Amino acid sequence: MTGERKKMGIDPYERRWMIVSIALLVAFAATVGIAGFAMGFDLPGQDERVDPQTVATTPPWDEPGVREISPGVYEAYVIAQAWSFSPREIVVPKGAEVTIYVTSIDLQHGFKITDTNVNMQVVPGEVSRLRYTFDELGEFPYLCTEYCGRGHAAMFGQVRVVSQEDYEASQAEAAAADAGTEEGQ
Amino acid sequence: MTATDTPPSAAPERRWGNGYELTKQEKRFIAGHVYVAVLALTVGSLFGPLQSFEYSGIDLYGLLDPVIKSYYQGLSLHGVLNALVWTTFFIVGFTTLAVIKGLGRPLSHPKLNLAGFWVMVAGLLMAAVPLLTNTATVLYTFYAPLKANWAFYLGLVLVVVGSWISGWGFMLTLAAWRKDHPGERSPFIAMAGVVNAAMWQVATLGVAVSILTMLLPWTLGLTDGTDPKLSRTYFWFTGHPLVYFWLLPAYLSWYGMLPKQAGGKLFSDSLARFSFWMFFIVSVPVGFHHQFTDPGVPQAWKFIHALLTYSVFFPSLLTAFTVIASLEYGARKRGGTGLVGWIRALPWSDPSVTAQLLAAILFLFGGVSGLTNASYNLNLVVHNTAWVPGHFHLTVATAVTLSFIGICYWMVPYLTGKALWRPKVALFQAWSWFVGMIIFSNAMHMLGLLGAPRRTPLGEAPYTPDSWDGHLMRVSIGGAILLVSVLTFTTIIWKTARGPAVAPELVPEVPIAESLRDPQQTPEWLDRFKPWLIGAVVLLVIAYGPQLVDQILHMSLNAPGPDFTPW
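Going down the list, the protein sequences come from chains A and B. With the numbering used here as the guide, the letters of the first sequence map in order to residues 697 to 881. With the numbering used here as the guide, the letters of the second sequence map in order to residues 3 to 569.
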């Protein structure tokens with residue numbers, strides 16, 4: 697190159713705009729980074745891989761549902777398939793910290809619990825996992841949010857968050873029902 | 003608005019390309035692309051309102067039965083025809099014009115471009131058969147293991163390969179021009195078109211590999227299953243730069259043509275080129291931001307892609323400044339005054355200008371919802387909800403599509419030697435698109451925040467609460483307005499193309515904006531491919547390399563999909 701060095705010729709106003717733009721984007725990045733890695737608003741990550749063709753008969757997936765693993769701490773296993781979730785309902789007491797595992801045995805599905813931050817793509821061969829603490833009483837539908845064929849719009853279930861007393865009562869009832877079934881056999 | 007280091011008056015009266023008049027054959031060739039594009043937009047858009055009416059419980063798909071079997075078949079056609087066919091054909095045609103007119107010379111290898119066009123048409127016809135016979139009701143994302151007929155995938159590959167071939171034609175033509183013009187800056191509109199074509203070649207490798215190595219062998223029965231996670235990773239390698247492939251031709255017009263139509267000049271040639279190069283290097287290594295909620299991809303890589311996605315916003319913010327400054331320059335020359343009062347002095351009576359201005363206004367909102375999507379954990383609130391189609395109807399369906407419509411309002415008359423049929427009707431068309439899309443997309447964003455899933459006939463879904471009804475109704479109203487708008491557009495193009503030939507002075511010219519500063523003052527590094535190509539490859543290897551290697555090494559083709567046809 698001969699002669700004077702060519703410059704970009706940035707207008708002073710434009711230079712200021714560029715600085716503001718960069719500052720804004722850095723602020724956004726810092727916000728989501730801190731929320732994600734320091735405050736626990738995290739995403740699903742790399743978890744277990746499974747064989748979609750055999751997973752439904754392999755523990756713990758052969759008995760989908762929710763169980764208490766230590767006081768107040770729960771895990772829920774959910775199997776998605778065209779066009780239903782098993783289980784259809786997850787009942788937990790208020791304040792339960794639940795780790796939710798979801799996988800699919802056929803197509804891709806979605807798993808989003810209304811009014812929570814639980815939102816996962818469900819991919820055959822992979823386990824999606826998120827942890828959430830249910831601090832509010834009520835019913836929270838979980839919907840399939842990925843197109844999976846003609847029954848897609850009818851594919852849903854719900855989380856029911858109940859009081860501790862109601863929860864214990866329903867557990868006792870279920871245990872009695874189980875015992876009843878066994879006696880009847 | 004102060005002077006740069008060279009006063010504007012020093013810019014020579016360089017009227018790029020205007021010295022070269024396109025031959026009849028060249029015009030017909032470009033018009034061929036545009037007609038296929040408009041036909042695709044018309045047919046594809048007929049299904050959009052049917053989806054939106056379904057939201058209010060009015061299911062018209064029953065009436066279409068023996069032809070169109072379901073909501074989802076209509077949705078597949080809507081997505082493929084509008085997002086893939088309308089855009090790709092328009093872009094290849096428009097870029098052909100930008101390259102020829104920008105460089106002021108014919109294509110160096112016209113037969114190559116001709117071949118590109120026909121390969122694209124062959125691909126379109128091939129993909130159309132399974133789409134129309136309900137054997138490719140897999141939506142335009144074709145997430146495995148949804149299994150379409152093999153012809154669908156092969157057709158898509160041919161459309162992409164055809165666009166590559168045309169892209170090679172553009173690159174060779176630019177190379178030939180450079181050989182004849184050593185030391186000169188390439189004309190902006192031609193360079194911008196070639197940068198987009200080059201980015202596209204890198205970006206589409208993902209989907210090409212996915213189809214050729216995994217989906218085609220599987221649909222042809224050579225393998226038993228697929229790896230759905232890997233196919234998602236491949237898909238989004240292409241899927242995000244795809245949106246820049248759509249957007250950059252609109253930017254080309256906003257930077258390089260619209261200022262001329264508004265009586266102004268391109269405010270900054272340097273920064274216009276700089277943003278195109280930024281898009282070239284950061285459009286591709288951002289795909290994991292579509293997979294934030296995916297299992298099997300480590301959070302660290304998702305976060306890195308979130309940061310890179312923020313960096314793609316930077317050139318868009320630059321574009322906002324330069325384009326608005328260019329328009330303000332034009333408006334003030336036309337007598338506009340005031341801090342914002344100059345906006346009224348823009349040529350709002352010109353439908354081509356109005357369509358593009360309205361497109362750009364809605365793009366500001368689309369940008370905001372896009373930032374939300376890209377924001378790592380914030381995405382959990384909106385992922386796979388109606389928010390997402392709300393977002394991309396502001397971007398691809400307005401910023402891009404309404405801009406392309408605006409371009410058609412001078413380009414179709416230019417290519418055919420006719421006058422635009424009823425400019426006032428065209429103005430109505432642009433405004434009705436704007437209004438319809440505001441109603442539609444606002445309601446979709448609201449539904450998304452309330453948790454409504456995307457791609458779902460919410461009218462029939464058993465879980466739809468009454469509290470969504472108002473928004474669902476507004477989606478239908480927006481859809482009805484958009485149906486009127488798109489049919490008006492098709493009518494205008496039809497009537498224009500079939501109208502009587504007019505005197506040459508009544509036919510619009512190709513608007514090519516001059517730069518406020520002599521482009522020769524632009525640094526040479528902003529006009530060279532090599533450093534940016536190296537940068538793009540390095541960034542791609544860093545941002546995608548480790549995950550691609552890991553996912554390919556651990557590939558397991560163990561997902562055959564269901565043993566029945568799910569749609």
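Every residue gets a Cβ at the ideal spot worked out from N, C-alpha and C, and that includes glycine. All values reported here derive from a predicted model rather than from experimental measurement.
Distance, residue j Cα to residue i Cα
i         : j         : result
B/Leu-429 : B/Leu-224 : 54 Å
B/Trp-170 : B/Ala-199 : 8 Å
B/Ser-66  : B/Tyr-73  : Rather than Ser, the amino acid found at residue 66 of chain B in this sequence is Leu. Computed Cα separation, rounded: 10 Å.
B/Ser-58  : B/Val-140 : 24 Å
B/Glu-56  : B/Gly-76  : 12 Å
B/Val-211 : B/Ser-318 : 29 Å
B/Trp-27  : B/Ala-33  : Here residue 27 of chain B turns out to be Gln, not Trp, going by the sequence shown. Straight-line Cα distance between these residues: approximately 10 Å.
B/Asp-520 : B/Ser-354 : 27 Å
B/Phe-294 : A/Glu-822 : 14 Å
B/Leu-373 : A/Met-735 : 21 Å
A/Val-858 : A/Trp-757 : 25 Å
B/Phe-154 : B/Val-477 : 30 Å
B/Ala-463 : B/Val-398 : 27 Å
A/Met-851 : A/Gly-806 : 10 Å
B/Ser-104 : B/Leu-218 : With the sequence shown as reference, residue 104 of chain B is identified as Gly, and Ser is not the correct amino acid for it. Near 40 Å, if we compare the C-alpha coordinates of B/Leu-218 and B/Gly-104.
B/His-393 : B/His-447 : 7 Å
B/Ala-177 : B/Arg-187 : 12 Å
A/Gln-804 : B/Asn-560 : 14 Å
B/Phe-436 : B/Gln-549 : 41 Å
B/Phe-491 : B/Ala-482 : 14 Å
B/His-291 : A/Val-774 : 25 Å
B/Leu-329 : A/Gly-834 : 54 Å
A/Lys-702 : A/Ile-718 : 24 Å
B/Leu-114 : B/Ser-405 : 28 Å
B/Thr-400 : B/Ile-440 : 10 Å
A/Val-746 : A/Ser-824 : 11 Å
B/Leu-24  : B/Ala-333 : 30 Å
Opening and closing residue of the alpha helix (DSSP H) in which residue i lies
i         : result
B/Ala-499 : 471-500
A/Thr-887 : There is no way to answer for residue 887 of chain A, as the model of chain A reaches only from 697 to 881.
B/Asn-136 : Segment: none, B/Asn-136 is in no alpha helix (DSSP H) and carries neither H nor E.
B/Lys-26  : 26-57
B/Gln-75  : 73-81
B/His-307 : 301-335
B/Phe-144 : No alpha helix (DSSP H) holds B/Phe-144; DSSP gives it neither H nor E.
B/Gly-372 : 353-376
B/Ser-277 : 271-284
Delimiting residues of the beta strand (DSSP E) encompassing residue i
i         : result
A/Phe-830 : 824-830
A/Tyr-797 : 792-800
A/Glu-771 : 769-777
A/Leu-839 : 834-839
A/His-907 : Since the first and last residues shown for chain A are 697 and 881, residue 907 of chain A lies out of range.
A/Phe-852 : 852-858
A/Arg-763 : 761-766
Residue nearest to residue i in terms of C-alpha spacing, selected from the options
i         : options                                    : result
B/Thr-324 : B/Lys-267, B/Trp-344, B/Leu-360            : B/Lys-267
B/Ser-47  : B/Leu-62, B/Ala-388, B/Ala-85, B/Leu-232   : B/Ala-85
B/Leu-160 : B/Val-197, B/Leu-174, B/Val-209, B/Pro-189 : B/Val-209
B/Ala-538 : B/Met-201, B/Gly-289, B/Pro-548            : B/Met-201
B/Asn-136 : B/Cys-410, B/Ala-322, B/Pro-68             : B/Pro-68
A/Trp-779 : A/Gly-791, A/Leu-833, A/Cys-844            : A/Cys-844
B/Ala-39  : B/Ala-194, B/Leu-528, B/Val-488, B/Leu-541 : B/Val-488
B/Ser-277 : B/Leu-249, B/Pro-300, B/Gly-265            : B/Leu-249
B/Gln-203 : B/Asp-226, B/Met-128, B/Pro-243, B/Phe-96  : B/Pro-243
Check whether residue i and residue j have beta carbons under 8 Å apart
i         : j         : result
B/Thr-356 : B/Ala-421 : no
B/His-395 : B/Ser-434 : no
B/Leu-133 : B/Leu-79  : yes
A/Pro-783 : A/Ser-800 : no
B/Val-121 : B/Ile-93  : no
B/Pro-297 : B/Thr-228 : no
A/Val-716 : B/Ser-377 : no
B/Ile-495 : B/Val-427 : no
Counting Cβ pairs closer than 8 Å, one from the region 746-765 of chain A and one from the region 828-841 of chain A, do we hit at least three? no
Indicate whether the contact test is met: 3 or more Cβ pairs, each with one atom in the region 505-517 of chain B and one in the region 94-112 of chain B, closer than 8 Å. yes
At least three beta-carbon pairs within less than 8 Å, the region 268-282 of chain B to the region 529-547 of chain B: yes
Say whether the region 295-313 of chain B touches the region 253-273 of chain B, bearing in mind that this needs 3 or more beta-carbon pairs closer than 8 Å, one atom from each stretch. no
Check whether the region 360-380 of chain B and the region 546-557 of chain B are in contact - that is, three or more C-beta pairs closer than 8 Å. no
With contact counted as at least three CB pairs below 8 Å, one residue from each stretch, are the region 452-459 of chain B and the region 379-391 of chain B in contact? yes
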